[in-house]
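Asks: Add 32 to a position in the sequence shown, counting from 1, and you land on the number used in the numbering used here. Mind looking over this structure? Questions follow.
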Amino acid sequence: MSDTPTNPAAPFAFADYDLPPHLLQALTELNYAHPTPVQALVLPPALAGQDVAGQAPTGSGKTAAYGLAVLAQIDPAVAGVQALVLVPARELALQVREALKALGKHLPAPGLRVAALYGGHALRDEIKTLQQTPHVVVATPGRLLDHLEQRNIIPNQLKVLVLDEADKLLELKFQQEMATIISRLPRRRQTLLFSATMPEKVLALVREHLTRPRLLAASGGLGGAGDDGRGSAAALPASLTVRGHVLGSVEEKPAALYHLLRQKGTGQTLVFVNTRERATELSQFLRGRGLAAEVLHGKLPQPERDKALMKLRNNSAQALVATDVAARGLDVPALDTVIQYDLPHDAETFQHRAGRTARAGVAGTAHLLATVPEQTRVQGWPAAQATHWARLNPPNLPAASAARPPRPTTVTLHVTAGKKHKVSAHDLVGAFVGVGGLDREAVGRIEVFDYYSYVAVPREQSAALLEKLNGAKVKGVKVRVTEVA
Ligand code: AMP
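Next comes the structure, spelled out in C-alpha cells:
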C-alpha cells in the first residue's frame with residue numbers, strides 16, 4: 033500500500049481555509065503544519081455550514097476536523113451552549129474537551145468554556161460547571177439526557193451537534209437516548225457525524241438526523257487500515273518527524289529511553305530492539321521504574337502476545353518493547369511514537385520501524401538512540417536523511433524509591449469466557465453494566481478471543497468489578513475475572 037496521499041487537497045495549508053485568525057494561531061502553536069486528509073475534506077463543507085458524515089477512525093485528526101468547524105462558530109460573548117459533542121465514553125469526553133480547549137485557546141474574551149459530562153460520578157459536580165454556562169458541551173448520551181431532563185442545560189442557542197464515534201454509540205445501544213436528545217435540540221442546526229466504519233446502521237442514523245449531508249471518506253488508507261506493517265518503498269511520510277539522539281555511550285541508552293517515555297506528548301510508543309533478550313530485559317527495566325511497559329517477541333506464546341498488544345491498544349500500557357519480527361503486521365492503529373533503541377541492521381528496517389507511526393497524514397515522531405559510530409552508519413542511509421540530530425545528555429535515572437510516574441487510568445480485566453462460549457462484546461457490556469454496576473460510558477475497549485476476553489475499565493472501579501463479577505454468569509457461563517498484571 034502506498035503512503036502517497038491520493039487526496040489532492042491534503043497538501044493545503046490551514047491558512048487556505050476560512051478559519052478565524054485565533055484558530056490559525058492555535059494551530060501554529062500546536063505545530064499542526066498541514067491539515068490531515070480528513071481535515072482537508074471536512075473543513076470546506078463544514079465551515080460553509082453543511083452537514084457532514086465523515087468516515088474517520090481515531091488517529092485521523094477527526095477531532096480537530098470537527099473541532100475547528102465548531103469553534104469557528106462559537107461566540108464567547110453569548111452565554112449559552114452553542115455546540116454539543118456526543119461521545120460514547122468518558123475517556124473520549126475528556127480527550128475531546130482537552131483537544132477543544134487547546135484549539136480554542138485564543139478565542140476572544142471572555143474565552144472559551146468547555147464542559148465534559150459523563151456518567152459514573154455525582155451529577156451535582158457537573159451542575160456547578162453548567163451554572164457557568166459552557167459554550168461547548170462534550171457528553172455521553174445517558175448523562176446528557178439527565179441534564180436535559182433536569183433543565184440544567186437549555187439548548188436553545190445550539191448551532192452545531194457532533195456525533196463522534198457514531199458506530200460505537202450504536203454498539204453501546206445509545207440509539208434511543210440519542211433520538212430523545214436530538215428531538216430536544218433546535219431543528220435549525222448543523223450536524224456533523226464521524227464514524228470509523230459506515231455500516232447500514234450508521235447510515236440510517238445519518239439519514240435520520242442529518243440534512244443533505246456530504247458523505248466523506250478520505251481515500252489513501254485512513255488510519256493505515258490494511259497495511260501489513262512492512263511500510264512501503266516510498267519515502268517516509270511528511271507528517272513524520274525523525275529525531276536522532278546522539279549519546280556518549282550505549283550505557284546511556286536506558287536513561288535516554290526512560291527520559292523520552294516520560295516526555296509529555298510521547299503517548300503510545302513502540303520501542304524496537306534487536307533481540308528477544310533485550311526486549312525482555314528492557315521491559316523489565318521500564319516496569320521496575322513504574323512505567324506501564326509490555327514485551328513482544330517471537331518466542332512468546334500467542335495469548336501473551338495478544339495480551340501485550342491489547343494493552344497497548346486499550347491504553348493500559350504506554351510502551352511495547354518489540355523485536356522486528358514480532359512487530360511485523362502489528363495491528364495497533366494509532367501509535368504516537370516509535371523509538372529505535374537498538375540500531376537496526378539496515379536502512380530498510382530503519383524505514384519499516386519509523387513508518388509504524390505517522391500514518392495517514394497524522395503527526396508522529398520516530399526517535400533513534402545512537403552512539404557516535406552508530407550515527408555515522410545511519411547518516412549513510414538515504415531513508416534517514418531527514419533525521420534531526422541532537423546530542424542528548426539524559427538526566428540521571430530517578431532513584432527507585434522516587435515518585436513513580438502516574439499509572440495509566442485504564443486497567444484490563446481478563447474474563448474466562450469467549451467466542452467458543454458464544455459470548456460477544458455485547459454480552460460483556462451487559463454483564464459489566466448489569467452485574468458489575470459500571471456505567472456504560474466507562475466500559476473501554478473489549479476484545480473477545482476464543483476462550484477468554486479482555487475488557488478495559490477505569491482503574492478506580494476495577495476492585496469493585498472484580499468482587500461483583502467473579503463467579504457471576506455471562507450468557508450462562510460462570511466466569512472468573514482477574515486484573516491483567
Ligand atoms: P484524532 O484522530 O482526532 O484522535 O487525532 C489524532 C492525533 O493527531 C491527535 O494527537 C492530534 O493532536 C493530532 N493532529 C490532529 N490534526 C493534526 C494536524 N493537522 N497536524 C498534526 N497533528 C494533528
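Backbone N, C-alpha and C define an ideal beta-carbon position, used for all residues, glycine too. These numbers were taken from a predicted model, which means no experiment stands behind them.
Evaluate the contact criterion for the stretch 492-499 versus the stretch 446-460: three or more CB pairs, one atom per stretch, below 8 Å.
Replies: The stretch 446-460 and the stretch 492-499 do not touch, with fewer than three beta-carbon pairs separated by less than 8 Å.
Asks: Taking just the CA atoms, how far does ARG220 sit from GLN350?
Replies: So the two alpha carbons sit approximately 43 Å from each other.
Asks: Within 10 angstroms of the Cβ of GLU123, are there 16 or more other Cβ atoms? Answer buried if so, exposed if not.
Replies: buried
Asks: Please classify ARG477 as buried or exposed, where buried requires at least 16 other C-beta atoms within 10 Å of its C-beta.
Replies: By the neighbour-count rule (16 or more Cβ atoms within 10 Å), ARG477 is buried.
Asks: Note the first and the last residue of the continuous alpha helix (DSSP H) segment covering VAL70.
Replies: 69-79
Asks: Taking the straight line between their C-alpha atoms, what separation do you get for GLY136 and ALA324?
Replies: 32 Å
Asks: How about VAL370 and ARG345: do their beta carbons lie closer than 7 Å?
Replies: no
Asks: Once DSSP output is grouped into helix, strand and coil, what is the label at VAL305?
Replies: Here VAL305 sits in strand by DSSP.
Asks: Would ASP471 be called buried (16 or more neighbouring beta carbons within 10 Å of its own) or exposed?
Replies: buried
Asks: Opposite GLY86 in the DSSP bridges: which residues?
Replies: For GLY86, which the question treats as bridged, DSSP gives the partners PHE226 and LEU248.
Asks: Should ASN188 be labelled buried (16 or more other beta-carbon atoms within 10 Å of its own) or exposed?
Replies: Residue environment for ASN188: exposed (fewer than 16 other C-beta atoms within 10 angstroms of its C-beta).
Asks: Mind checking whether the beta-carbon of ALA349 lies closer than 6 Å to any heavy atom of the ligand AMP?
Replies: no
Asks: Less than 7 Å between C-beta atoms, sequence neighbours within five positions excluded: which residues of the same chain meet that for PRO430?
Replies: none
Asks: Could you check the C-alpha separation between PRO414 and GLY276 for me, to the nearest Å?
Replies: 14 Å
Asks: I'd like to confirm something about ASP133: is its beta-carbon nearer than 6 Å to some heavy atom of the ligand AMP, or not?
Replies: At residue 133 the sequence reads Lys, which differs from the Asp that was named. It does not: the Cβ of LYS133 is nowhere closer than 6 Å to a heavy atom of the ligand AMP.
Asks: Bridge partners for VAL410 per DSSP, in chain order?
Replies: For VAL410, which the question treats as bridged, DSSP gives no partner whatsoever.
Asks: In or out: ASP378 buried (at least 16 other Cβ within 10 Å) or exposed?
Replies: exposed
Asks: On a Cα-Cα basis, can you pick out the residue from LEU272, TYR373 and ASP356 that is closest to LYS285?
Replies: Across the set LEU272, TYR373 and ASP356, the C-alpha of TYR373 shows the shortest separation from the C-alpha of LYS285.
Asks: Quick check for students: name the residue ranges of the beta strand (DSSP E) that lie wholly in the stretch 431-488, counting only runs of 3 or more.
Replies: 442-447 and 478-480
Asks: From this set, ALA131, TRP421 and ALA488, which residue's C-alpha is nearest LEU55's C-alpha?
Replies: ALA131
Asks: How many Å lie between ALA147 and THR312 at the Cα?
Replies: 43 Å
Asks: Which one of LEU217, ALA198 and VAL489 has the shortest CA to CA distance from LYS233?
Replies: It is ALA198 whose Cα lies nearest to the Cα of LYS233.
Asks: In chain order, what are the residue ranges of uninterrupted alpha helix (DSSP H) at least 4 long that sit wholly in the stretch 156-242?
Replies: For the stretch 156-242, the full-length alpha helix (DSSP H) segments reaching 4 residues or more read 173-181, 198-203, 207-215 and 232-241 along the chain.
Asks: In the DSSP assignment, what residue or residues form a beta bridge with GLU326?
Replies: LEU352
Asks: Determine whether the Cβ of PHE226 lies closer than 7 Å to any Cβ atom of chain B.
Replies: Structure shown: chain B not included; a single protein chain is present.
Asks: Can you say whether ASN347 is buried or exposed, counting buried as having 16 or more other CB atoms within 10 angstroms of its CB?
Replies: buried
Asks: Looking only at C-alpha atoms, which of ALA125, PRO140, ALA85 and GLY99 sits nearest to VAL110?
Replies: Shortest Cα-Cα distance from VAL110 to any of ALA125, PRO140, ALA85 and GLY99 involves PRO140.
Asks: Do you know whose CA, among ALA72, GLY297, ARG246 and ALA504, lies nearest THR223's CA?
Replies: ARG246
Asks: Give every residue of the same chain whose Cβ lies closer than 8 Å to the Cβ of ILE186, excluding the five residues on either side of it in the sequence, and list them in chain order.
Replies: Cβ neighbours of ILE186 within its own chain (closer than 8 Å, five residues either side excluded): GLY112 and VAL113.
Asks: Can you grab the Cα-Cα spacing for the pair THR381 / VAL305, in whole Å?
Replies: Going from the Cα of THR381 to the Cα of VAL305 covers about 11 Å.
Asks: Taking a contact to mean a Cβ-Cβ separation below 7 Å, would you say VAL74 touches GLY86 in this structure?
Replies: yes
Asks: Just to check my reading of the structure: HIS167 and ARG183 have Cβ atoms closer than 8 Å, yes? What is that Cβ distance to the nearest angstrom?
Replies: That pair is no contact at about 18 Å.
Asks: Using only the heavy atoms of the ligand AMP, determine whether one of them is closer than 6 Å to the beta carbon of LYS343.
Replies: LYS343: no, Cβ never under 6 Å from the ligand AMP.
Asks: Measuring only the C-alpha atoms, how far is ALA340 from VAL327?
Replies: 6 Å
Asks: Could you tell me the alpha carbon to alpha carbon distance between PHE317 and ARG216, rounded to whole angstroms?
Replies: The C-alpha of ARG216 is placed about 54 Å away from the C-alpha of PHE317.
Asks: Could you tell me which of LEU204, ALA386 and GLY320 sits nearest to LEU272, measuring between CA atoms?
Replies: Checking every option, the nearest Cα to that of LEU272 belongs to ALA386.
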